[in-house]
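A.B. asks: This is the structure I have questions about; it appears just below.
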Amino acid sequence: MPSLQDVWNVTRLRLLVELEKCSSLSQAAEAVGVSQPSASEHIRLLNAAAGEPIVERYGRSLRLTHAGRVLAVYASQALSNLTAGESALAARAGLRTGTLELGASSVPGTYLVPDIIEQFQQECPDVNVHVSVGSTAEVRQWLSSGRVTCAVTCGDMRDERLTVTALGPDEIVGVARPRFLDLSSDGYVDAAALDDFTLLVQETGSSTREYALGLLSGTDYSFRNVWELGSVDAVKRAARRGRGVGFLSTHTIADEQRRGEVVAFRVTDLPSPARRVCWVRLTRASVSPAETYFESMLRSHLSRAGGV
1 MPSLQDVWNV TRLRLLVELE KCSSLSQAAE AVGVSQPSAS EHIRLLNAAA GEPIVERYGR
61 SLRLTHAGRV LAVYASQALS NLTAGESALA ARAGLRTGTL ELGASSVPGT YLVPDIIEQF
121 QQECPDVNVH VSVGSTAEVR QWLSSGRVTC AVTCGDMRDE RLTVTALGPD EIVGVARPRF
181 LDLSSDGYVD AAALDDFTLL VQETGSSTRE YALGLLSGTD YSFRNVWELG SVDAVKRAAR
241 RGRGVGFLST HTIADEQRRG EVVAFRVTDL PSPARRVCWV RLTRASVSPA ETYFESMLRS
301 HLSRAGGV
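Right, here's the structure in full:
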């Protein structure tokens with residue numbers, strides 16, 4: 001019996017996505033551009049490959065089963081990636097001249113963007129690249145003023161003037177010197193264990209800082225002191241020396257963890273923010289080939305790292 005990997009093609013991917021939208025096989029077939037009998041045969045093949053039904057009869061119409069809805073999510077992602085790939089190749093073909101005006105908040109600007117910029121300039125040497133790195137608040141202002149036309153951020157960028165595309169995860173974790181805290185085997189600590197410790201935070205305007213400052217609010221515990229430091233590196237340095245605990249993006253501490261200089265921890269029963277590495281642009285601005293191709297390189301980098 002063939003597997004799903006054996007039977008997937010673009011028509012079947014699109015058919016699943018359309019069925020989730022309209023719950024009618026005839027409408028889905030029309031949207032994809034095939035006949036209803038052909039659509040029925042596509043569904044039969046997918047049912048067999050999945051090992052269970054992916055659609056079910058509901059009154060006079062069809063709807064996706066739970067298995068079908070799961071597959072539809074991945075079908076939509078696959079189609080999106082194919083479209084992005086086509087756009088990236090088209091953009092790359094036009095990259096002979098131009099300028100990339102890129103902004104980045106501190107985490108991606110320090111720990112993700114430099115390597116991608118290096119690769120971009122090797123592939124597109126005739127494109128001028130200008131990069132501005134600052135806090136999330138500064139990047140928002142740069143986009144609004146036109147100083148940059150696109151940006152990579154990890155903080156909240158909800159703004160009707162901006163189009164934000166999430167590309168990969170950015171988890172915030174606690175950071176401390178090894179054996180500084182009594183951690184569980186899976187790296188957790190109770191909020192009570194943080195009571196009366198010094199909190200190490202980065203610069204004003206950082207979204208990571210805002211999360212850290214509000215972490216213990218609503219609990220019976222509080223940090224003894226707050227040390228405001230000037231950068232992520234300053235927080236890491238203080239944490240390595242046992243001055244307190246910080247909260248930073250996992251992207252920023254990978255090297256220190258590999259060297260055994262810090263440990264990452266999570267706080268029991270306190271949620272981590274659902275942050276994402278995002279690509280941000282002005283909604284009404286035209287998109288240059290350089291922007292399209294750089295976004296594709298960032299997406300590919302995060303995918304290889306397990307981001308999406």
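All residue numbers for the sequence shown refer to the UniProt record's numbering, where the first residue is 1 and numbers rise by one. We put the CB at the ideal spot given by N, CA and C, even for glycine.
Should the region 222 to 240 be regarded as contacting the region 264 to 274, the criterion being three or more beta carbon pairs within less than 8 Å?
C.D. replies: These segments do not touch.
A.B. asks: According to the Cβ coordinates, are L100 and V70 closer than 8 Å?
C.D. replies: By 1-based counting over the sequence shown, the position of residue 100 is 100. By 1-based counting over the sequence shown, the position of residue 70 is 70. Contact flag unset, no.
A.B. asks: With a CB to CB cut of under 6 Å and the five nearest residues on each side skipped, what residues in its chain are close to S206?
C.D. replies: One-based indexing of the sequence shown puts residue 206 at position 206. Closer than 6 Å at the Cβ level, and outside the excluded window around S206, lie S135.
A.B. asks: If you count every other CB in all the chains shown that lies within 10 Å of the CB of D255, and 16 or more means buried, which is it?
C.D. replies: Here residue 255 refers to the residue found at position 255 when the sequence shown is read from its first residue. Exposed, since its Cβ has fewer than 16 Cβ neighbours within 10 Å.
A.B. asks: Kindly indicate the opening and closing residues of the alpha helix (DSSP H) around P289.
C.D. replies: The sequence position of residue 289 within the sequence shown is 289, counting from 1. Here the alpha helix (DSSP H) through P289 covers 289 to 304.
A.B. asks: Work out the CA separation of L79 and V308 for me, nearest whole Å.
C.D. replies: As a position in the sequence shown, residue 308 is number 308, starting the count at 1. As a position in the sequence shown, residue 79 is number 79, starting the count at 1. Unreliable placement is indicated for V308, whose pLDDT of 35 sits below 50; no coordinate value is reported for it.
A.B. asks: For D115 and F294, what's the separation of their Cα atoms in angstroms?
C.D. replies: The count along the sequence shown starts at 1 and reaches residue 115 at position 115. The count along the sequence shown starts at 1 and reaches residue 294 at position 294. When rounded, the distance between both Cα atoms is 12 Å.
A.B. asks: Are the C-beta of N128 and some C-beta of chain D separated by less than 8 Å?
C.D. replies: The chain labelled as chain D is not found in the depicted structure, where only one protein chain is given.
A.B. asks: How close, in whole Å, do the beta carbons of A104 and A166 come, if the pair is a contact with beta carbons under 8 Å?
C.D. replies: Residue mapping note: residue 104 aligns to position 104 of the sequence shown, counting from 1. Residue mapping note: residue 166 aligns to position 166 of the sequence shown, counting from 1. Not a contact, Cβ separation roughly 16 Å.
A.B. asks: Pick out whichever of R161, V189, N9, Q202 has its Cα sitting closest to the Cα of F265.
C.D. replies: Translated into positions along the sequence shown, residue 265 becomes position 265. With distances taken between Cα atoms, F265 lies closest to V189.
A.B. asks: From which residue to which residue does the beta strand (DSSP E) around R276 run?
C.D. replies: The residue labelled residue 276 in the question sits at position 276 within the sequence shown. Run containing R276: 276 to 282, per the beta strand (DSSP E) assignment.
A.B. asks: Helix, strand or coil, according to DSSP, for R240 in the structure here?
C.D. replies: Stepping through the sequence shown from its first residue, residue 240 is reached at position 240. Correct three-state label for R240: helix.
A.B. asks: Let me check understanding here. Comparing Cα to Cα, which of C22, H301, L282 lies closest to V164?
C.D. replies: For this step, residue 164 is matched to residue 164 along the sequence shown. Ranking C22, H301, L282 by Cα distance to V164 puts L282 first.
A.B. asks: Give the straight-line distance between the Cα atoms of S217 and P178, rounded to the nearest whole angstrom.
C.D. replies: Residue 217 sits at position 217 when you count from the first residue of the sequence shown. Residue 178 sits at position 178 when you count from the first residue of the sequence shown. If I take the Cα positions, the gap works out to 26 Å.
A.B. asks: Between the Cα of G51 and the Cα atoms of S3, S61, R57, A193, which residue gives the shortest distance?
C.D. replies: As a position in the sequence shown, residue 51 is number 51, starting the count at 1. Closest option to G51, Cα to Cα, is S3.
A.B. asks: Can you tell which of T204, L112, S144 has its C-alpha closest to the C-alpha of P169?
C.D. replies: As a position in the sequence shown, residue 169 is number 169, starting the count at 1. Comparing Cα positions, the closest option is L112.
A.B. asks: Just confirm the distance between the C-beta atoms of Y221 and A192, as a whole number of angstroms; I'd bet it's less than 8 Å.
C.D. replies: Numbered from 1 along the sequence shown, position 221 holds the residue referred to as residue 221. Numbered from 1 along the sequence shown, position 192 holds the residue referred to as residue 192. Rounded, the Cβ-Cβ distance is 6 Å, consistent with contact.
A.B. asks: Kindly identify the DSSP beta-bridge partner or partners of G246.
C.D. replies: For the purposes of this step, residue 246 is taken as residue 246 along the sequence shown, with counting starting at 1. According to DSSP, G246 bridges with V175, L200.
A.B. asks: Alpha carbon to alpha carbon, how far is H251 from S303? Give it in angstroms, no decimals.
C.D. replies: Counting from 1 along the sequence shown, the entry for residue 303 is found at position 303. Counting from 1 along the sequence shown, the entry for residue 251 is found at position 251. Approximately 14 Å between the Cα atoms of the pair.
A.B. asks: Would you kindly work out how many angstroms separate the C-alpha atoms of A29 and A72, rounded to a whole number?
C.D. replies: As a working note, residue 29 is residue 29 in the sequence shown. As a working note, residue 72 is residue 72 in the sequence shown. Cα-Cα distance, rounded: 15 Å.
A.B. asks: Taking the alpha-carbon positions, what's the L181 to E138 distance?
C.D. replies: Working through the sequence shown from its first residue, we reach residue 181 at position 181. Working through the sequence shown from its first residue, we reach residue 138 at position 138. Rounded to the nearest angstrom, the two C-alpha atoms are 34 Å apart.
A.B. asks: Taking C-beta to C-beta, are residue 336 and E261 nearer than 8 Å?
C.D. replies: The requested residue 336 is not part of the displayed model; the chain covers only 1 to 308.
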